[in-house]
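Residue numbers (this note's numbering), protein chains in the order written: chain S, 26 to 350; chain F, 26 to 350; chain E, 73 to 425; chain W, 73 to 425. Note that the Cβ used here is the ideal one computed from N, Cα and C, for glycine as well. Have a look at the structure below, then the notes.
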Amino acid sequence: MLNPDLAKAMYLDMLQIRLVEEGIADLYPEQEMRCPVHLCIGQEAIPVGVCSTLKKEDIVMGNHRSHGHYLAKGGDLRSMMAEIYGKANGCSKGKGGSMHLIDLSVNFYGTTPIVASIVPIAVGTAFATYLKDETRVTIIFLGRAATEEGVFAESLNFAALKKLPIVFVSEDNFFSVYTPLSERQPRERENTEIAKAFGIPSDKGNGNDIREVYNLSEKAVRHAREGKGPYFLEFETYRWREHCGPYYDTDLPYRSEEEFKEWKKKCPIENFEKLLLKENVLDKKQLVEMRESIQKKFEDAVAFAKSSPFPHPDEIFSDLFKEAN
Amino acid sequence: MLNPDLAKAMYLDMLQIRLVEEGIADLYPEQEMRCPVHLCIGQEAIPVGVCSTLKKEDIVMGNHRSHGHYLAKGGDLRSMMAEIYGKANGCSKGKGGSMHLIDLSVNFYGTTPIVASIVPIAVGTAFATYLKDETRVTIIFLGRAATEEGVFAESLNFAALKKLPIVFVSEDNFFSVYTPLSERQPRERENTEIAKAFGIPSDKGNGNDIREVYNLSEKAVRHAREGKGPYFLEFETYRWREHCGPYYDTDLPYRSEEEFKEWKKKCPIENFEKLLLKENVLDKKQLVEMRESIQKKFEDAVAFAKSSPFPHPDEIFSDLFKEAN
Amino acid sequence: MKREITFSQAILECTDQYLANDPSVYVMGLGVPDPKGIFGTTVGLREKYGEKRVMDMPVSENGMTGVAIGSALMGMRPIMTHQRIDFMLLSLDQIINNAAKWYYMFGGKKSVPLVIRLLVGQGWGQGPQHSQSLQTLFSHIPGLKVVFPFSPYDAKGLLSASIQDDNPVIFIEHRWLHNLHGHVPEEPFQAPIGKAKVVNKGKDLTIVSGSYMMVESLKASECLKENGIEVEVIDLRSIKPLDEDTIIQSVMNTGHLLVVDGAWRFLSISAEIISIVVEKAFKYLKKPPGRVTFPDVPTPTSWAMANNFYPRAINILRKVEEILDLPCKSEEEWGIVTTGPLDVPDKSFTGPF
Amino acid sequence: MKREITFSQAILECTDQYLANDPSVYVMGLGVPDPKGIFGTTVGLREKYGEKRVMDMPVSENGMTGVAIGSALMGMRPIMTHQRIDFMLLSLDQIINNAAKWYYMFGGKKSVPLVIRLLVGQGWGQGPQHSQSLQTLFSHIPGLKVVFPFSPYDAKGLLSASIQDDNPVIFIEHRWLHNLHGHVPEEPFQAPIGKAKVVNKGKDLTIVSGSYMMVESLKASECLKENGIEVEVIDLRSIKPLDEDTIIQSVMNTGHLLVVDGAWRFLSISAEIISIVVEKAFKYLKKPPGRVTFPDVPTPTSWAMANNFYPRAINILRKVEEILDLPCKSEEEWGIVTTGPLDVPDKSFTGPF
Ligand SMILES: Cc1ncc(C[n+]2csc(CCOP(=O)(O)OP(=O)(O)O)c2C)c(N)n1
Ligand SMILES: Cc1ncc(C[n+]2csc(CCOP(=O)(O)OP(=O)(O)O)c2C)c(N)n1
Ligand SMILES: [Mg+2]
Ligand SMILES: [Mg+2]
C-alpha cells in the first residue's frame, strides 16, 4: 500500500479536480464562462498520479484538457477561475482562457490546444535543463490523438538522441473528439512499441488506478531524473462528459450508454475512496470535511473570479512584444 | 542464383545509371547543366533491385537523388537529360530540373527535394489505387534522413490504417548532406522496429547486394500487391560523390578516405559483374558491348539535350493553372 | 417562392450532389462523419456514400494533405475539411511546396484537383489559436485559388466550381455564416471563381469585402442608405483570382474606396486591393482609400477584449464618416440595434462551438 | 582604413561574439557544424564552443523549432538556421501558433527570445522549392519581428539586435549577399530593428527596398544619377516593425514612390507599403506609386526562364522611366554592363550552391 499521507494527498487532489470541474459544469450554463472548456472528469488519476511524483522545480505542460494538470501541479485555483471567466487577473490576464493555463510559481509552464504542438516545446524545456546541467524533469501531458501528429515522433527522436529528462504521458481515452481510435490508428499500432523503437523505455497502464499511475510514473520520473533519458507512459482512461463543454453526451451515437456506465464503475476517485476507507487511511467524516473544504475553496475562487474586473479594452494591445528593460 | 535474363537486365540497368551519372559528372564542369544534381553513384543496386520487381503500371516516386529511380523504372533518358540542361523538351519542360523528374508513360510520378515531403503523396497515390480497387503497387524511395521528418510517421500510420499497397524504401547512406546519423537519430533507433510498431512488416538489408535488394523487395511488393498492406524496407549503402554536385569530397573532414575505400570495395556493380562472369551469365565481350551501347545512348541523349531549344521566356507564365477543357 | 436554405445546408447539398454524380469525389477531414458533421455540412453523407468516400482521419494534417494530393494526382477529387484554419498551419509544406506548384514544376504533367475547406472561428473565447483568419497566407502563393464565399448561394455555387476546378482551391468558410439563410437553387449550378458580385449598387463610395465581413458591410450600407448615402458593396467571392475590373469600375464611379477585411491589417488583402486600385485608377480617387481590419495582435480570448478586437458595422461607418466628411454619429444615431452579446453570431449559440 | 568583411563573415563574427559573451546563446540548424558551416556563417564555432552550444539537428524542422521555443522559455537564446526558407514551411505551426503568440496568450508571462535565420536561395536552377521569398508570410503575423538586412554592417548589427531582442525574430538572409563586402566594426554593436536607412539621398523619386533587391536598386540609382536623376533609396532593414516615418518623409519630398521587393507581387510587402503611403501621404503623390516584384508564378528552374523571372536594375529603370515620364532606354544606353551569366551572383559561383 502507498504511504498514507501520500494516499490522502492524492485522494484530495483528485477530489479537488472532480469537484472543481463539476462546479464549472454546473455554472457554465450561466454563460459567464465564455470560452471552450474541456473537462477531464473521469480521468483525474493521471494528472494526480503523475504530478505526485514530481518536485516543485519540475516542469509540467499540458493541452486543451488541462484543468487537472494545472491543479495537480499546484496551480492557483483563483487565477484559473478568473482566467476562465475572462478576467484581468486570470493567470493569462484573460488573453488565454481555459486552454491557456499557466502558473510559473509552481513551474506549470503552459497549455495549448493545437494538438501535439506543445509536445516539442516541452522537449525544449527539457533540453534547456540539459544545457544548463539542471536535474529538473519535464512532464508533458498529451492526448493519445496527439501521437498521430508527426511532431510527436520528432519529439521522441530528439529527446532520445540527447537523452533528455522528459516523461511523455499519453492519456488514452480512446476518442479524439467523437472519432474512435479505429478510424485513426491501425489496430496493430502500439505507442509503447513506437517509443521503444526510438530507444525510449515505456509502459502502458491503467489510468483509472492511481496507484498504478503513481508507480509507473515514479519509475519514469526517476529514470529521467537520473539522467538516463526520456520515458514514455500511456494510460487508458475514459472521458465522462462531452469533448468540449459541460454536458454528458451519451445521447450521441458515437459511444454507448453501456460503455459509459462500465467506465463509471471504474471511477478513479470512488474506487480509491473505497480502498482508503477499507484500509482505514480515511474515515467518512474526513471525506465529508475534504469535500466541504474543496467546495469552499471553489466557491471562493468563483466569487473571486466573478467579482474581478474585466481587462480594459486597451489591453488588446499589450503583451504583443516584451520590451527591453 | 537469379534467373539469368533478370540478372543481365539488372546489371545493365545498374550500369546505365552508373555511366549516365559519371557522364553527367564529367560534363557538369562545362556549366551547361545549371541546376543542382545529386548523384547516386555507389547506390545503384537499390533503385534497380526494387524496380526490377515491379510492373509497368506500378507507381514510383522519389526525392532529390532520383536519376537512378527514374531510369530504373524505365524513364526516358533524353527527356531527363534535356530537363537537366533546362530545355523546353525536358520531362518537366525545364521548369523542374534534376530534382523534378517525371515520366508518366512508365508511371514514374515525380520527384521532389523537400525532405520527406513527397512520402505522404505516395501514400496518396496508393490510397487512390485502394479507392479504385486497383492492384497497382506504389513505391516511394526516401533517404534515411527523411525518416526524421514527422510526416514519415504520419505516412506509416495512415498506410497501415488503410492497409495500402505501398512499399517504403529507405536508402540509408548514413549521411544527411555532411551530417552523420549520430547527430540526428538515437543510437538505439531502428526504423524497421518503428515500422513494426505501426503494424507494418519490415526488413533491413544490404543495399549494395542487388540480389538481396531484389529478394526483399520481391517479398515486399508481393505482400502489398496481395492486399496485405504496406511494407517498409531499409537498405544500407554509401554515396560515393559529394552530396550535391559532380565531385568527390573525401578531402572534407566529415568522412574519411578509408571509409570511402571500404565502400568502394563493396561496389554493387563490380561485385555483381564478377559474379555474373563467374557464373557465366555474361562474358567479357558482352560487358564491353553493354558499356558501349549505354555510352552511345548517353551521348545521343546529351546531343539531343544540347541541341534542344530553351523554353521561351513567356513559358514562365504557362502551367500555373490547368484550364478547364 | 424561392427556396431558402442555410449556408451550411448549401455546402452539404453541393457535396452530396457531387458524391452522387462523380465517383472521383471523396470527403475527408477530422470529424467529417461524426454526429456533428462539421457544423452540419457533412451530416448523413457517410450513411449515404459509405466509409471509403466519407472519411474521418488521423490527427495528421500535414500527412493527410499529402495523401489528398497524391490521390488527386491519380484523378481523385478530394474535398478536405479542417474545422479551424489554425490547424492548417501544420500542412503548409504540402499546400505551398507541393499542391500549389505541382502542375507548374512538372511542366503541366499532372494537376492537383483538391479542395481544402477551411473554417474560420470567431467568438466564445476561441482565442489566439482557434480564430485566425489566414487568407493572406494563401493568397500570396502562386498556384492556389482562394475562394471566400459570403452568401448561401455562393457557398453552393463556388464550392461546386471549386470541386470542378482542376487545381488546388482554398475554400474559406467563416463559422458565423453557417446559419445564415438565403436563396439557393436545388439543382447543381456553379458560380464563377474570379468574378466579384456587386451586391448593392451605389454612387457615393465603394466598399469591397468578402466572407463574414460582408454581413457587417451590408449592415453599414443599410444605415448609410437610411441617411441618403449610397454605398456600392462588392462581394469579392474569391481573392485569387481577384476581380480587379469590377472593383476598378466601381471606384471610377464612386471615387471612394473602403476595403473591409476580416484579418490582421498589416498585409491584409486590403493592402493588395488598394495598391491595385491606386495603380490603375489613381486619378479617380477623390480621397485616400480606407481600410477596416483586425488590429495587428493575436485574438484575445476574454470576450471583454474580443468584442473590441473584431470590427463591426459601426467601425465601418466611422471610416465612411471619415472618408465622406460626415459628422461622427453614435451607434444609436446610425440606427444600429445590438441585442445580446457580441461574441456569438446569434442567440442560438449558448456555448462552445 | 575602415575594416571590410563580407556579409557572411559579419554573421559569423556576431554569432561568435555572442557565444563568447552570453552563455544562454546557442546555435542550431542542419549543417551548422558541418565543413561548409551554412555558407561560412558558422564555421569554426563548434571547435570553439563545443557540441552542446553549436548543434546540428535531425531533419525535423517543426519539432526542432518547438524545441528552440521551449528552451527559450527557460531563458536560452537559440539562433536557429535554415539553409532555405522553403524548409521552414514545415515549421509554421510552431512559429505562427506558438512563438508569435506565446507572450501574448499567456498575458506576458514568458517571452520567446528566438532568432530564426532563413536563407533565400536564388540561381543555378534551384527552382520552385528552393528559392522562395516568403517575407510576406511572416510579416503578416502579429508577434513576429521580420528583419531583412542588406549590408554587411547591418548583417552584424541587426543580428546582434535580434539576439538581444526578447521576442521571436525572423532574420531573412539572401544568399546573394553573403559574399558582398562592406565596412563592419569589429567590436560588438547593434543596429536598431524598426529603423530604415536612407542609403542614397535624392529628390526626384523614392525607392524603397531591402535585402538583395537593394543591390539592384542601387545599381539603378547609379545609372539614374549619371543621367541627372536623383533617386532616394531607402533600405528597409526590417519589414516589421516597418519604419513608416522614414518612408513617408521621403515621399513627401520626392512625390514619387517605387517599391522594389524580391517576392511574388500579389500581397508582396510592396502592397502594404503603398497602402500606408497612400493613406498617410496621398496628396503628396504626384503619380501612382509603382512596384517591381517577381511575377506571380513559382520560380522556374531552367536559367532560360529564371533569368526573366528575377527583376534586375533594368526592370527598376523601366518603372522609373514610366513614373518620371522618361524616354525608354536600353540597358546599354543606361550604362548597364552585364558580363557572364545572370543566374549566379558572381563568377566565383560555378556550380550548385
Ligand atoms: C492540430 C489540431 N488538429 C485538430 C484539432 C481539433 N481537436 C481539438 S481536441 C482534439 C482531440 C484530441 O484528442 P486527444 O489528443 O486524444 O485528447 P482528448 O481530447 O481525448 O483529451 C482535436 C482533434 C486541434 N485542436 N489541433
Ligand atoms: C525539409 C528539408 N530540410 C532540409 C533539406 C536540405 N536537404 C537536402 S537533401 C538533405 C539530406 C537528405 O538526406 P537523406 O534523406 O539521407 O538522403 P541522401 O541525400 O543521403 O540521399 C537535406 C537535409 C531539404 N531539402 N528539405
Ligand atoms: Mg483522446
Ligand atoms: Mg542519407
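| field | Under 8 Å from the C-beta of E/LEU230: neighbouring residues of chain W | value | Chain W residues near E/LEU230: none, gap ~20 Å exceeds 8 Å.
| query | Cα separation between F/GLN320 and F/GLU314? | reply | Going from the Cα of F/GLN320 to the Cα of F/GLU314 covers about 10 Å.
| Listed from N- to C-terminal order along the chain, which residues in the segment 216–243 of chain S have their beta-carbon within a distance smaller than 9 Å of any beta-carbon of chain F? | Listed by position along the chain: ASN216, THR217, GLU218, ILE219, ALA220, LYS221, ALA222, PHE223, GLY224, ILE225.
| query | Can the beta-carbon of F/VAL45 be found less than 7 Å from the beta-carbon of F/PHE323? | reply | With contacts defined as CB atoms closer than 7 Å, F/VAL45 and F/PHE323 qualify as a contacting pair.
| task | Just mark F/HIS63 as buried or exposed, buried being the case when its beta carbon has 16 or more other beta carbons within 10 Å. | result | Label assigned to F/HIS63: buried.
| task | Return yes when at least one heavy atom of ligand 4 lies under 6 Å from the C-beta of E/PHE79, else no. | result | Answer for E/PHE79: no, Cβ out of range of ligand 4.
| message | If the criterion is Cβ atoms closer than 7 Å, does the pair E/SER96 and E/ASN134 meet it? | response | For E/SER96 and E/ASN134, no; Cβs fall outside 7 Å.
| field | Cα-Cα separation between W/GLY197 and F/ASP101, rounded to whole angstroms | value | So the two alpha carbons sit approximately 21 Å from each other.
| request: With hydrogens ignored, establish whether the beta-carbon of F/ASN198 is closer than 6 Å to any heavy atom of ligand 2. | output: Correct: F/ASN198 has its Cβ closer than 6 Å to ligand 2.
| task | Could you tell me the distance, in whole angstroms, from the CA atom of F/GLU218 to the CA atom of S/ILE219? | result | If you draw a straight line from the Cα of F/GLU218 to the Cα of S/ILE219, it comes to about 8 Å.
| task | Taking W/VAL303 and W/ASN325 to be in contact with their CB atoms under 8 Å, please state how far apart those CB atoms are, rounded to whole angstroms. | result | So it is not a contact: roughly 12 Å between Cβ atoms.
| request: Put S/SER201 into one of helix, strand or coil per three-state DSSP. | output: It is a strand residue.
| message | Quick check: F/ALA151 and F/ILE109, are their CB atoms within less than 7 Å of each other? | response | Taking 7 Å as the Cβ cut-off, F/ALA151 and F/ILE109 do not qualify as a contacting pair.
| task | Can you pull the chain S residues whose beta carbon is under 9 Å from the beta carbon of W/GLY101, in chain order? | result | Result: empty, since nearest Cβ-Cβ is about 14 Å, beyond 9 Å.
| Whole-Å CB distance - E/ALA227 paired with E/ILE83, under 8 Å assumed | The pair is a contact, with the Cβ atoms about 5 Å apart (cut-off 8 Å).
| Is any beta-carbon of chain W found at less than 7 Å from that of F/PHE285? | Cβ-Cβ to chain W under 7 Å: no for F/PHE285.
| When DSSP labels each residue in this structure, what does F/VAL194 get in the three-state scheme? | Strand.
| Is S/PRO205 close to chain F, meaning its C-beta is less than 7 Å from at least one C-beta of that chain? | For S/PRO205, the answer is no, since every Cβ of chain F falls outside 7 Å of its Cβ.
| task | Output, in chain order, the set of chain F residues within a Cβ distance shorter than 7 Å of E/VAL139. | result | Near E/VAL139 (Cβ distances below 7 Å), the residues of chain F are PRO145, VAL148, GLY149, PHE152, PHE183.
| Residue-level contact to chain S via CB, W/ASN325, 7 Å cutoff | With 7 Å as the cut-off, W/ASN325 does not count as an interface residue toward chain S.
| task | Give, in chain order, every unbroken run of the alpha helix (DSSP H) that is at least 4 residues long and sits entirely within the segment 89–167 of chain F. | result | You should have 92–97, 102–109, 144–156.
| said: Would you say E/VAL115 lies against chain S (beta-carbon separation less than 7 Å)? | reply: No, because no Cβ of chain S sits closer than 7 Å to the Cβ of E/VAL115.
| field | Proximal residues of chain S, C-beta to C-beta of W/ASN134 below 8 Å | value | Going along chain S in sequence order, the residues near W/ASN134 (Cβ under 8 Å) are PRO145, GLY175, VAL176, GLU179.
| request: Select from E/LYS352, E/SER340, E/PHE338 the residue whose C-alpha is nearest the C-alpha of E/ILE319. | output: When each option's Cα is compared against that of E/ILE319, the closest is E/LYS352.
| task | At 9 Å on the CB atoms, spell out the chain E contacts of F/LYS118, in chain order. | result | Near F/LYS118 (Cβ distances below 9 Å), the residues of chain E are PHE178, GLY179, GLY180, LYS181.
| message | I'd like to know whether the C-beta atoms of S/ALA97 and S/VAL162 end up nearer to each other than 7 Å. | response | Cβ distance not < 7 Å, so S/ALA97 and S/VAL162 don't count as in contact.
| By a C-beta neighbour count over all protein chains shown, 10 Å radius and 16 as the cutoff for buried, is W/ASP128 buried or exposed? | That one is buried.
| said: Following a CB-centred definition, is W/GLY412 positioned closer than 6 Å to any heavy atom of ligand 1? | reply: Taken from the Cβ of W/GLY412, every heavy atom of ligand 1 lies 6 Å or farther away.
| message | Nearest by alpha-carbon distance to F/ARG59: which of F/ALA107, F/ASN350, F/GLY99 is it? | response | It is F/ALA107 whose Cα lies nearest to the Cα of F/ARG59.
| For the putative contact between S/ARG90 and S/ILE294, defined by C-beta atoms under 8 Å, what is the C-beta separation to the nearest angstrom? | Your pair S/ARG90 and S/ILE294 does not check out as a contact, with CB atoms roughly 17 Å apart and the cut at 8 Å.
| Which residues of chain W have a Cβ atom closer than 7 Å to the Cβ of F/SER201, listed in chain order? | VAL131, listed in chain order.
| query | What residue range is occupied by the uninterrupted alpha helix (DSSP H) comprising S/LYS303? | reply | Residues 293–303.
| field | the segment 199–212 of chain E in contact with the segment 209–219 of chain W per 3-pair CB rule at 8 Å | value | With three or more CB-CB distances shorter than 8 Å, the segment 199–212 of chain E counts as touching the segment 209–219 of chain W.
| Can you list, in chain order, the residues of the segment 94–111 of chain S whose Cβ is nearer than 7 Å to any Cβ on chain E? | For the segment 94–111 of chain S, which is checked against every Cβ of chain E, the residues closer than 7 Å are GLY111.
| field | Closest Cα partner of S/ALA184 within the set W/ALA172, W/GLY142, W/LEU249 | value | When only C-alpha atoms are compared, the closest one is W/GLY142.
| query | So, are the CB atoms of E/PRO372 and S/LYS120 less than 7 Å apart? | reply | With respect to S/LYS120, E/PRO372 sits close: the two C-beta atoms are nearer than 7 Å.
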